[in-house]
Amino acid sequence: GLASRVDSAWKMDGTIDNLAISPNGRAIAVQLARNGKSDIWVKQLPGGPFSRITFGDTNFFRPSWTPDGDHVLYLGDRGDGGGTPFVKRADGVGAATRPFTAHVGLGQILQTADGQWMIARRVAGEAGNGDIFGVRTGDTATVQLVATPAREMTPAISPDGKWLAYASDESGVSEFYVRPFQNVSDARWQISTAGGSAPLWSHSGKEIFFRNNQN
Numbered sequence: 007g008l009a010s011r012v013d014s015a016w017k018m019d020g021t022i023d024n025l026a027i028s029p030n031g032r033a034i035a036v037q038l039a040r041n042g043k044s045d046i047w048v049k050q051l052p053g054g055p056f057s058r059i060t061f062g063d064t065n066f067f068r069p070s071w072t073p074d075g076d077h078v079l080y081l082g083d084r085g086d087g088g089g090t091p092f093v094k095r096a097d098g099v100g101a102a103t104r105p106f107t108a109h110v111g112l113g114q115i116l117q118t119a120d121g122q123w124m125i126a127r128r129v130a131g132e133a134g135n136g137d138i139f140g141v142r143t144g145d146t147a148t149v150q151l152v153a154t155p156a157r158e159m160t161p162a163i164s165p166d167g168k169w170l171a172y173a174s175d176e177s178g179v180s181e182f183y184v185r186p187f188q189n190v191s192d193a194r195w196q197i198s199t200a201g202g203s204a205p206l207w208s209h210s211g212k213e214i215f216f217r218n219n220q221n
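Counting the sequence shown from 1 gives a position; the working numbering is that position plus 6.
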């Protein structure tokens, strides 16, 4: 029940805004802001190097992992508040590539555990206001998953790939919901009752962690 430092020797010299633990738990990808610039770094766990993997004048944000743990997915700032998707080896070797072409600004990107789908959320505050869509890996066609007048946020796919959790303010406050994936129109359950955002599945898929409206 006691909190402890991940690595007492880790000196990040900046502010972590987003983070993602690798599938095997041996590394953490973080969005590190310093000197007015955000980049993606990877820290080996529990001890080990802290390595920057993005470079250039663009801000990079919202890291997530490919299922094999070999690559990090992230977004590059388009200059309009939205992001362009990129993927790069977690050890920083080689150039970043584009997993698909997005014609809208993105606020989040992730890959399903079986590697068959990319799930993306449009940036909030513009047309679409956080709509969630999917792209089959290696394909170019987009499949709308949740597109409503409300603002959708923070999609998360269950480890078995059967359920999509996400937050929405359709009730007037942010609550989080679950739909079957890929048949999202078949059902919808509201899970939180006193505010809910940022759902995160347990490894078993039997529990979901989230923040309430008290953070």
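Even glycine gets a Cβ: it sits at the ideal position worked out from N, Cα and C.
Predicted model only: the values in this text are computed from it and were never measured.
- Under the Cβ criterion (8 angstroms, minimum of three pairs), the region 33-43 counts as touching the region 64-76.
- Nearest Cα to Trp195 within the set Phe139, Ser174, Ile115, Leu206: Ser174.
- The straight-line gap separating the alpha-carbon atoms of Met18 and Ala26 is approximately 16 angstroms.
- In the DSSP assignment, Asn24 falls within the beta strand (DSSP E) that extends over 21-27.
- The shortest CA-to-CA distance from Thr118 to any of Thr90, Ala156, Glu158, Leu170 is the one to Leu170.
- For Val99, there is no enclosing beta strand (DSSP E), as DSSP gives it neither H nor E.
- Per DSSP, the unbroken beta strand (DSSP E) holding Phe66 starts and ends at 66-71.
- A direct Cα-Cα distance of roughly 11 angstroms separates Asp120 from Ile163.
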